[in-house]
Amino acid sequence: MTERVPTAVRRSRAELDRALALPARQQPVWPDPDRAASARARLAQARAPVAWPGVRQLSGLLARVAAGELCVLQAGDCAEDPADSDVADVAPKAEMLDVLGDIMRVGADRPVVRVGRLAGQFAKPRSQPYETRDGLTLPVFRGPIVNGPEPTPRARRADPARMLECHTAAGRAHRALDALGRGAGADPLERIWTSHEALLLDYEAPLIRPTGDGGHYLASTHWPWIGERTRQPDGAHVRLLARLDNPVACKVGPRTTAGEVRELCALLDPRRTPGRLTLVARFGASQVARLAPLVREVRLSGHPVLWMCDPMHGNTVQDGDGLKVRRLEDIMNEIRGFLTAVSEGGGVCAGLHIESSPQDIGECAGAGVTPARGPGYRTLCDPRLNLMQAVAVAAHWQQGARERVAAEGTAGPTGSR
Ligand code: PEP
Ligand code: MN
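Residue numbers are given in this note's numbering: position 115 of the sequence shown equals residue 172, and the series is strictly consecutive.
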């Protein structure tokens with residue numbers, strides 16, 4: 058058992074409600090608000106997918122990441138399909154995390170905390186609220202927890218019943234992990250921890266539960282993150298997660314200023330708790346040099362944050378057919394730039410955050426794959442690495458991290474603090 062780690066400042070339920078009343082971007086308009094209200098009421102009575110002791114245990118592991126004893130791998134779908142939540146679906150995802158985690162561990166000589174974008178990664182932020190397909194203007198697909206991906210008015214109608222279906226699917230995925238011996242009851246370093254973007258507040262808010270010792274936690278996942286589009290310091294997403302006792306992560310990108318990052322650290326990690334806050338850098342290979350000043354800013358502010366590298370979301374491009382793809386070469390280059398920026402800025406290189414699938418897919422370019430529309434390209438949202446590509450990326454991370462250790466001759470999560 059890991060020790061109790063103090064995390065957020067304790068808050069009352071009324072303070073949580075005040076945070077929820079703040080402006081929130083990226084929320085759907087439910088055509089039938091009464092049905093949305095009744096779905097929220099049912100979720101508030103529903104079983105918590107995640108229990109508090111596990112969340113507390115993960116906090117303890119992340120504190121050890123901050124101390125340089127462990128590193129982190131976070132991987133999975135861009136958007137999960139709730140239909141893929143049985144043991145037969147979850148087992149290959151767990152195997153993928155094992156294979157990639159083993160690659161990261163070799164050489165680093167440091168155990169790997171394995172985290173899935175799993176059991177709740179159902180909501181997607183989008184750049185535009187509407188899109189036009191064949192002359193028809195439709196609400197965008199916001200993930201299977203809101204509407205359907207098919208380009209028809211019927212599918213794109215936001216349906217609150219989907220929140221209940223996704224809650225059931227999340228429960229199934231957790232039970233699958235339990236059945237595989239990788240859920241509750243497993244050794245913390247054998248466990249597959251769950252994470253998702255805490256985006257859809259109508260789903261997340263009813264799943265806030267008391268910790269039993271005076272605080273509150275988000276029981277929809279072990280490790281929620283705030284996305285690039287909802288990290289406004291005065292917005293509902295940041296203020297809510299600031300008041301919860303889960304460890305939290307927040308994406309940062311090339312438009313994040315030093316002032317914003319300081320503000321996010323002050324809000325999300327007020328007590329400067331090791332492992333409490335992870336900043337996930339998603340800059341893109343061409344912009345990753347902008348990361349260095351943020352790492353320095355955070356170090357000067359004294360917040361012991363974990364830095365993770367998401368080399369996917371800043372590297373999405375359209376190919377000649379208008380298909381969304383990511384190139385392995387860009388992903389590799391961003392990883393190199395990340396390791397340099399974080400090590401030189403005196404930050405903790407905690408690990409890698411990727412979108413990958415164990416299925417036989419061809420959505421990212423490289424390692425023998427040229428993505429094309431068809432059965433091999435079936436992501437619900439962004440292009441994912443297949444297993445071969447993900448192995449190459451994990452190996453690239455590990456090699457870069459080892460070289461940093463050798464260059465600096467110091468100890469830390471990747472050899473640098
Ligand atoms: C994601 O992780 O799928 C995502 C949308 O990331 P970001 O918020 O960094 O764009
Ligand atoms: Mn994505």
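Quick reminder that beta carbons are idealized off the backbone N, C-alpha and C, glycines included.
According to DSSP, residue pairing for V129 in a beta bridge involves V170 and G408. DSSP places P415 in the coil class of the three-state scheme, outside both helix and strand. Rounded to whole angstroms, the separation of the alpha carbons of Q178 and R213 is 19 Å.
If you draw a 10 Å sphere on the C-beta of D74, you find fewer than 16 other C-beta atoms in it, and that means exposed. Exposure of G379 is indicated by the presence of fewer than 16 other C-beta atoms within 10 angstroms of its C-beta. Sorted by position in the chain, C135, M369, H370, E412, C438 and D439 make up the residues whose C-beta lies under 7 Å from a heavy atom of ligand 2. Look at the beta carbons and you see the segment 191-205 not touching the segment 446-455: under three pairs across the two are nearer than 8 Å.
The beta carbons of L301 and I265 sit closer together than 8 Å.
In the three-state reduction of the DSSP assignment, Q114 falls in the helix class. Residues Q178, F179, K181, G200, P201, L437 and C438 of the same chain have their beta carbon placed closer than 7 Å to that of A136, with the five preceding and five following residues left out of the count.
Residue pairing by DSSP leaves G332 without any beta bridge partner. If you check the CB distance, M365 and H294 do not come in under 8 Å. The residue from S184, A96 and L237 with its alpha-carbon nearest to that of A148 is L237.
V352 is a Cβ neighbour of V399, given a cutoff of 8 Å. Sequence-distant partners of H253 (beyond 5 residues in either direction) whose C-beta falls short of 6 Å from its own C-beta, in its chain, are G177, Q178 and T278. Of the candidates D270, G192 and P311, the residue whose Cα lies closest to the Cα of P210 is G192.
Closest in C-alpha terms to L363, from the list D270, E126 and W109, comes E126. In the DSSP assignment, A71 falls within the unbroken alpha helix (DSSP H) covering R70 to L77.
The closest CA to that of G332, considering only P368, V170, D91 and G457, is found on V170. H360 sits in coil when the DSSP states are folded into three classes, being neither helix nor strand.
Non-local C-beta neighbours of P361 in its own chain, meaning closer than 7 Å and more than five positions away in sequence, comprise A123, R329 and P331, ordered along the chain. Beta-bridge pairing by DSSP links I283 to C307. Short of 7 Å from the beta carbon of F340, and not among the five residues preceding or following it, lie these beta carbons of its own chain, in chain order: G310, P311, R347, L348, G371 and E391. At a Cβ-Cβ threshold of 8 Å, R356 and G394 do not count as neighbours.
Apart from the 5 residues on each side of it in sequence, D216 sits with its Cβ closer than 7 Å to the Cβ of N204 in its chain, given in chain order. Straight across, the Cα-Cα distance linking G292 with E317 is about 13 Å.
Residue pairing of L275 in beta bridges, as defined by DSSP: I265. Per DSSP, the unbroken beta strand (DSSP E) holding Q375 starts and ends at T373 to Q375.
P206 has its Cβ no nearer than 7 Å to any heavy atom of ligand 1.
The Cβ atoms of G173 and I283 do not sit closer than 8 Å to each other.
Looking from the CA of D270, the closest CA among P110, T225 and E412 belongs to P110. Residue pairing for E188: DSSP places it in a beta bridge opposite L195. The three-state reading of DSSP puts G431 in strand, counting E and B together.
In terms of CA proximity to P263, A101 leads the group A407, A101, V426 and A76. About 6 Å separates the beta carbons of R82 and R286, which is inside the 8 Å limit, making them a contact pair. In this structure, ligand 1 has a non-hydrogen atom nearer than 7 Å to the beta-carbon of K308.
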